[in-house]
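Working notes for the structure below.
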Amino acid sequence: MSTQDEDFMLEDEEDNSGHLQPPYSSLSSAMVTSPTTDTLDSVVLESSPFDDFGKDGDTGLDESVDLGPSELAGGIEINIGKRAGFDLETTTDTEQSREDKANISSYFADSGDDFFDSLGAAKDDNQLGNDLFTSIAISKSEEDIFASEMNAIEIKESDVIGVGASQDGLNNEGMRRINSFIRKSNEEEKRETLDNVDQFVEIAAAATESLSKDLKDQGFVNESSEFTEIEPENVTRIHLREHAASICEPETIAFEGEGERGASDQADLQIADIEEEEIEEFSQNDERPGFLSQLSQSQQLHHQVPGVLSPPVDSSARLHGPVVGTTPSQLSPVGTPIHLGDGDCQDVPALSPSIPPIIPPAFETQSSISGSPFCQPSQEMKSGSVFAPFGSTGPADDAFTSILSMSDADRRHDAWIPSDATSHILKTIATSPAGTYITPIEQLSTPGVLTFEPQSDPVRELVLRYMGEQEAIKRSVLTADSVTQDIDGLKKLIEAGCLHAAIDLTGVLLEQVGQGYGKCGQVIVHTLHSLQLWFCRLALMVKLRMYEQAEAEMRAFQTLDTPDLYFQFYANTYPGRRGSMVSFSMRLLHAELPLLCGRSQETLDRLYYMLAVCNRIKLNLSSDLSEDGSATHMTYEARKVSLELWSKRETDIMYKIGSTMLSVKDYEGALIIYNSLLEKEQNTRLELLAGIGRIHLQMGNITEATRIMKEVEEATKTDGSLSCYNLISRGLVAMCGSNFFDAYQHFKSAVQMKPHNTCAVNNMAVCSLYLGRLKDALNTLEQLVHSDPANTLHEGVLFNLCTLYELETSRALHKKQAILDLVSKHKGDGFPVGCLKMT
Amino acid sequence: MRLTKPTIMPHHPLVTESRDLCGDLISRLNDAEISRTPGLGAFPLGNLLTLPQNFGNIFLGETFSSYISVHNDSSQLCKEITLKADLQTGSQRLSLSSIGTQPIPELQPDHSIDDVIHHEVKELGTHILVCAVSYMLTSGERMQFRKFFKFQVLKPLDVKTKFYNAESDEVYLEAQIQNITPGPIYMEHVSLDPSQQYTSAELNAKDGKEGSHPVFGTLDCLSPSDTRQYLYCLTPRPEIYSDTRLLKGVTNIGKLDIVWKTSMGERGRLQTSQLQRVAPGYGDIRLTVESVPDTVALESSFDLVCKITNCCERTMDLTLVLQNVTSSPGLLWSGVSGRQLGKLPHNESLDIPLSLISVIPGLQTISGLRLTDNFLKRTYEHDEIAQVFVVSVDT
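Protein chains in written order, with the UniProt record's numbering: chain G, 1 to 839; chain X, 1 to 395.
And the structure:
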């Protein structure tokens, strides 16, 4: 080390463009610039967390892993094993729920199962020799069977506290009381009515409530010490008997889940023609960000409970959500707890204090319905316009207008099912005299442009920095000012690839509709036009990887479920139109944003919510209703087109779910999604199959990838146009097996077949490097880039080229400038300059 | 530059519909993207390969590959270039260069000497790649320089093992393999290479309709910090029974051999050291069950054959006493108690046929066998010898 020479540091840096990245970033944000100051030395790697084994690892030598069996004799091992077992179980359930996309209700039921499973898992950890606890578990299952629609959270709370108490070994008054209640429930199990259970839970909860204070004092310390005391016992048992596995076997409550799933399936079958006898809604005020609804059916009482939809709540919505006391309330996306009555608006029960009282509807609901020729079986989905009095037109006219003014295509594309809370507000608005119902502002979407400064042109900045003002002036690209200030101008900018300028222009256009800079938080009237502008703006931001900004501006839209984003809210402007003003694409974008900001789980929640709505719409369509569940007359053709559209949208969502899972390297989940798509998408089956093969490659399963690629190849034997792609696939497989020479040959053949396939050329160059032929690689890429700059200046290709420059010479900057020059001449301001690694 | 496997560039298309404002334009932008899958715009993995973006992590058992390029940036001709690439680890120094020690006669301006080196990493901790280049200017002046690249080798897997000794001399090995890398790994191959004393059988597959398949599901992929348990059954080879010492004390069981792949088939392989187990001591007398039915009918008698081995150094004179103990009321001994078994020399064994009657249905444990050594007046109690399932057969 003493001879290390400063002169050569520069080359050090270039040889190693490496820097430590968070594990997922390579997928989520394709090309991250690597600061040139990175050297191997600067790579901060975490030290090995388990040094105690002194592991040395060697295939040939015997010095490798020193495993300490003595350490393993402790009870903790068993415990770990058990936990792992449970984890496995829970994941399987999640898998199932993913597969269960065919119907909403079973999805919801499944997520409920997860919750129960995990509860069961938690119990079993503490369960050893704890009779008291077991009895709680049993009584719980009874409750579930008898009263499946009972509020889940209440049961859980009482159980959990009960478990904690028993585990702490407290023998105090409250515990005994619980115990006695449990016994009572055991005795009465057959005769117990719903009310009894209800009462029981309430009393039990009250009893445990009094315990919770004590628990806090003794709390976790006790808990953990209890753990260590229990575990050795477990170990000895295992040593004594070979049946130890059966001891460890979880006595989980799997049967509950199955029972409930079965019940909900039935509910699902009947969901289309449910007459609401009784609506009961329960929701959980807990941390679960997922679907807050339960759909279940009590088999004994034959209660049919319609599903409750509410989008996943994001943080901003939660801020608004008023905290409600003990009454079961629904945490809706707008944070409005609403307890729906019999489906009759007039029976709206007392609302939470944060909501102004709703003025009773102007029309007698029943009478107007009977007068309407379009009698709708589902009151909940009743068309709002029927009752909305506007201007001189009478209600009878409106019924016709509503049908006429709403074209087939509009209805088809705009259809969306609002959450129950939102649909309730919409219904209230529709049934109130115009202008009398004022929606609270926190339940409205109040977007505004957040950045005032115009977007700069990053390409120009680089040119200015490295090539001087002269060159920078020469660069001629469109800006927001150089086009007409309207949609045409916007289109021109996007066509020219000037996406930054296009964002600026959307800002200007939004200013025109009163949603410009600083308008965030102000109540404004949304129009189709303004929302489309927003979509365009946000989509462009995502395209330019301005994720944080996009998310900040998207935040005002909350969960895209506020009442003012539906046509029904603007009965005057859009008479008779129903559905979502927000386009489906914008919803997808909204769902995808959290992932791009590093919160993949939130994205999955939103996507699965969309999938659930999508499935509901498809179900409505196939059961002779309109998309949103209202009764309507549709021709066979219209219905078919509509089904096709929504099937396509469903597929879009599925692809997004798959790619989200892939982003977080959840290969198993992604493969399940894509394999299920294989069935659906017969037209693109082979392409998708090859894609699945690539997922296997990325994962490292070369055997399976080889098999899949072979299958694709067999199937496309006759189609010569695809053989180029097969060759590329072969090349990829060979490369993953470290047969770089074979890979090179495959890519080369592909290039010979299609000389303009940029991908193949690029891959060939990449392989050259692994064969030690840097010069070849450079020549290939340079030729590619210079031959057709307009089409081949792609960030991936340029990233490779610049990486090679850095490897080749310490004068890489000069060579990069030549590339920058090309980019400046051919590309708009939306070009991702990060790939040049010049900043 | 470290040559990890290239990656496939991910593609995140914006989904638009033709009704959207500029929807067509944006979808045209997507179509122009060459990293997308042809014909399948929404799929996130295309065919475009990108070079490694950074050094990344390197783990024990993986192969370190690096590209070494000596490029003549000057306008002068260089002569007699030698390139040495050594890897300095905590304990040794390895020469990795594949270019011979013979100097390369000359290097033209703007030309380069290229080499790709590979090394399978066998040590944890700091590694330093030392590249030394010496060359001669046209003036005949000898020049040289060295460069250092440092990297840390991390541990990818955490392996814990546990032994279960069965009465039948079989040993069950439970190995917990935990992925402690930050990314998922694909377990290509996990096997146990038994030592000479044992044969091993894998217990990680279950029989299904389509033949046997692993218990780990369809995908052999281990997510970060996930643990997977492998179970092996080791049976002593018959020939070592002749020397019972081999079954006592510390014995070598074998080694675990693990091969895994990470992103794009980056391969890693590790083998554990010899796993050792301490065989349980059997005391003076070892009692094993030679034969016992697993299911018996209620209120019927059944036979049990036990084998008694004298494991101590002296000869024993044994008396067999059968007690019906309260801890297992479901089975009653049938036959003579207090039987003299005679002398049993060191290391010899004796089969004793016994008979029991079942009186309570369910899983019953055989207990209450007492052996008394008449020389020392010492009684050996054997409880929980075996279990039988008693069923009622009246239907």
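The C-beta atom is built at its ideal place from N, Cα and C for all residues, glycine as well.
Would you say X/Gly23 lies against chain G (beta-carbon separation less than 8 Å)? Position 23 of the second sequence, counted from the first residue, corresponds to residue 23 of chain X. With 8 Å as the cut-off, X/Gly23 counts as an interface residue toward chain G.
For chain X, is any of its Cβ atoms less than 8 Å away from the one on G/His590? Reading the first sequence from its first residue, position 590 is the one you call residue 590 of chain G. Closer than 8 Å: no.
Cβ-based burial, G/Ser2 [other Cβ within 10 Å; buried from 16]: Residue mapping note: residue 2 of chain G aligns to position 2 of the first sequence, counting from 1. Since pLDDT at G/Ser2 reaches only 38, below the 50 mark, its modelled position is unreliable, and the value read off the structure follows with that caveat. Classification for G/Ser2: exposed.
I want to know whether the region 255 to 262 of chain X touches the region 179 to 190 of chain X - three or more CB-CB distances under 8 Å. Two segments are said to touch when three or more pairs of C-beta atoms, one from each, lie closer than 8 Å; by this definition the region 255 to 262 of chain X touches the region 179 to 190 of chain X.
Alpha-carbon to alpha-carbon, G/Met581 and G/Gly521: Position 521 of the first sequence, counted from the first residue, corresponds to residue 521 of chain G. Position 581 of the first sequence, counted from the first residue, corresponds to residue 581 of chain G. The straight-line gap from Cα to Cα measures roughly 19 Å.
Of all the options G/His424, G/Gly731, G/Leu677, which has the alpha carbon lying nearest to the alpha carbon of G/Asp742? As a working mapping, residue 742 of chain G is identified with position 742 in the first sequence. Relative to the Cα of G/Asp742, the nearest Cα in the group G/His424, G/Gly731, G/Leu677 belongs to G/Gly731.
Closest by CA to G/Arg773, which one among X/Ile68, X/Phe375, X/Lys307? Here residue 773 of chain G is taken as the residue at index 773 of the first sequence, counted from 1. That would be X/Ile68, whose Cα lies nearest to the Cα of G/Arg773.
I'd like the span of the alpha helix (DSSP H) that includes G/Thr803, first residue to last. Along the first sequence, one-based indexing puts residue 803 of chain G at 803. Run containing G/Thr803: 795 to 808, per the alpha helix (DSSP H) assignment.
Can you check DSSP and say which residues form a bridge with X/Ala201? By 1-based counting over the second sequence, the position of residue 201 of chain X is 201. Its beta-bridge partners are X/Cys233.
Mind listing which residues of the region 61 to 83 of chain X have their C-beta closer than 7 Å to chain G's C-betas, in chain order? The region 61 to 83 of chain X vs chain G, Cβ under 7 Å: Gly61, Tyr67, Ser69, His71, Asp73.
Hey, X/Thr157 and X/Ile177 are a contact pair by Cβ (cut 8 Å); roughly how many whole angstroms apart? Locating residue 157 of chain X in the second sequence gives position 157, counting from the first residue. Locating residue 177 of chain X in the second sequence gives position 177, counting from the first residue. A small correction: the amino acid at residue 157 of chain X is Leu; Thr does not occupy that position in the sequence shown. Between X/Leu157 and X/Ile177 the beta-carbon gap is near 6 Å, inside 8 Å, which marks them as a contact.
Would you say G/Met838 reaches chain X, if we count a Cβ-Cβ gap shorter than 8 Å as a contact? What you label residue 838 of chain G is simply residue 838 of the first sequence in a count that begins at 1. Interface flag for G/Met838 against chain X is unset, since no Cβ pair is found closer than 8 Å.
If contact means a Cβ-Cβ distance below 7 Å, which residues of the region 791 to 807 of chain G contact chain X? For chain X, the residues of the region 791 to 807 of chain G that bring a beta carbon within less than 7 Å of one of its beta carbons are His794, Gly796, Phe799, Asn800, Thr803, Leu807, in chain order.
State the DSSP-derived secondary structure class of G/Gln299, mapped to helix, strand or coil. Position 299 of the first sequence holds residue 299 of chain G. Only weak support exists for where G/Gln299 lies, its pLDDT of 33 falling under 50; the value from the coordinates is given anyway. Coil at G/Gln299, not helix or strand.
I'd like to know whether the C-beta atoms of G/Gly497 and G/Gly830 end up nearer to each other than 8 Å. Counting from one through the first sequence, the residue named residue 497 of chain G turns up at place 497. Counting from one through the first sequence, the residue named residue 830 of chain G turns up at place 830. Cβ distance < 8 Å, so G/Gly497 and G/Gly830 count as in contact.
Helix, strand or coil: how does DSSP classify G/Ala591 here? As a working mapping, residue 591 of chain G is identified with position 591 in the first sequence. If DSSP states are grouped into helix, strand and coil, G/Ala591 belongs with the helices.
Stretch-stretch touch, CB-based, cutoff 8 Å, three pairs: the region 657 to 668 of chain G with the region 591 to 604 of chain G: The region 657 to 668 of chain G makes contact with the region 591 to 604 of chain G, as at least three CB pairs between them are under 8 Å.
Can you name, in chain order, every residue of its own chain whose Cβ lies under 8 Å from the Cβ of G/Leu813, other than the five neighbours on each side? Against the first sequence, residue 813 of chain G aligns to sequence position 813. Only residues of its own chain outside the window of five on either side were considered, and among them Tyr466, Met838 have a CB closer than 8 Å to the CB of G/Leu813, listed in chain order.
Stretch-stretch touch, CB-based, cutoff 8 Å, three pairs: the region 103 to 118 of chain X with the region 54 to 70 of chain X: They touch, by the three-pair rule.
Got a sec, what are the start and stop residues for the alpha helix (DSSP H) X/Phe172 sits in? Numbered from 1 along the second sequence, position 172 holds the residue referred to as residue 172 of chain X. In the sequence under discussion, the amino acid at residue 172 of chain X is Tyr, which differs from the Phe named in the question. Where X/Tyr172 is concerned, there is no enclosing alpha helix (DSSP H), although the beta strand (DSSP E) it sits in stretches over 171 to 179.
Excluding five sequence neighbours on each side, which residues of the same chain lie with their C-beta closer than 7 Å to the C-beta of X/Leu14? Here residue 14 of chain X refers to the residue found at position 14 of the second sequence. Once the five neighbours on either side are set aside, the close Cβ partners of X/Leu14 are Ile26, Asn30.
Quick one: grab the DSSP three-state call for X/Phe271. Looking up residue 271 of chain X in the second sequence gives position 271. In the sequence on display, residue 271 of chain X carries Gln and not Phe. Looking at X/Gln271 - three-state DSSP - the assignment turns out to be strand.
Give me, in chain order, the residues of the same chain whose beta-carbon lies closer than 8 Å to that of X/Lys155; leave out the 5 immediate sequence neighbours on both sides. Within the second sequence, the letter at position 155 stands for residue 155 of chain X. The answer, listed in chain order, is Phe59, Leu60, Leu124, Ile180.
When the Cβ atoms of the region 37 to 51 of chain X are set against those of the region 292 to 308 of chain X, are three or more pairs found closer than 8 Å? Short answer: they don't touch.
Thinking just about the alpha-carbon of each residue, which of X/Ser98, X/Gly338, X/Leu354, X/Trp333 is nearest to the one in X/Asp317? For the purposes of this step, residue 317 of chain X is taken as the residue at position 317 of the second sequence. Ranking the options by Cα distance to X/Asp317, first place goes to X/Gly338.
Three-state class that DSSP yields for X/Phe43 in the structure shown: By 1-based counting over the second sequence, the position of residue 43 of chain X is 43. Note: X/Phe43 maps to coil in three-state DSSP.
Going by Cα to Cα distance, which pick from X/Arg142, X/Pro194, X/Cys312, X/Gly283 is closest to X/Thr272? Translated into the one-based positions of the second sequence, residue 272 of chain X becomes position 272. Cα-wise, what sits closest to X/Thr272 is X/Pro194.
Proximity below 8 Å, CB of X/Ser358 to CB of X/Leu331: The sequence position of residue 358 of chain X within the second sequence is 358, counting from 1. The sequence position of residue 331 of chain X within the second sequence is 331, counting from 1. Yes, Cβ-Cβ distance for X/Ser358 and X/Leu331 is below 8 Å.
At least one CB of chain X closer than 8 Å to the CB of G/Thr684: is that the case? What you label residue 684 of chain G is simply residue 684 of the first sequence in a count that begins at 1. With respect to chain X, the C-beta atom of G/Thr684 has a partner C-beta closer than 8 Å.
Within chain X, the residues that G/Gln532 reaches when beta carbons sit closer than 8 Å: As a first step, residue 532 of chain G must be located in the first sequence, where it is residue number 532. Asp20, Leu21, listed in chain order.
Among G/His746, G/Ile708, G/Tyr609, G/Arg616, which residue has its Cα nearest to the Cα of G/Arg587? As a position in the first sequence, residue 587 of chain G is number 587, starting the count at 1. Comparing Cα-Cα distances from G/Arg587 to each of G/His746, G/Ile708, G/Tyr609, G/Arg616, the minimum goes to G/Tyr609.
Identify the contact partners of X/Leu45 in chain G, using a Cβ-Cβ distance below 8 Å as the criterion. Position 45 of the second sequence, counted from the start, is the residue given in the question as residue 45 of chain X. Contact of X/Leu45 with chain G by beta-carbon distance below 8 Å involves Leu662, Gly691, Arg694, Ile695, Gln698.
Nearest CA to the CA of G/Ser583: which residue from G/His413, G/Ile487, G/Ala612, G/Leu505? Taking the first sequence and counting its residues from 1, one reaches residue 583 of chain G at position 583. Ranking G/His413, G/Ile487, G/Ala612, G/Leu505 by Cα distance to G/Ser583 puts G/His413 first.
Chain G contacts made by the region 346 to 378 of chain X, where a contact means CB separation under 8 Å: Cβ contacts with chain G come from no residue of the region 346 to 378 of chain X.
Hey, does X/Lys206 have any beta-carbon neighbour from chain G nearer than 8 Å? Against the second sequence, residue 206 of chain X aligns to sequence position 206. No, no contact with chain G.
What in chain G is Cβ-close to X/Tyr186, meaning under 7 Å? The count along the second sequence starts at 1 and reaches residue 186 of chain X at position 186. Near X/Tyr186 (Cβ distances below 7 Å), the residues of chain G are Met699, Gly700, Asn701.
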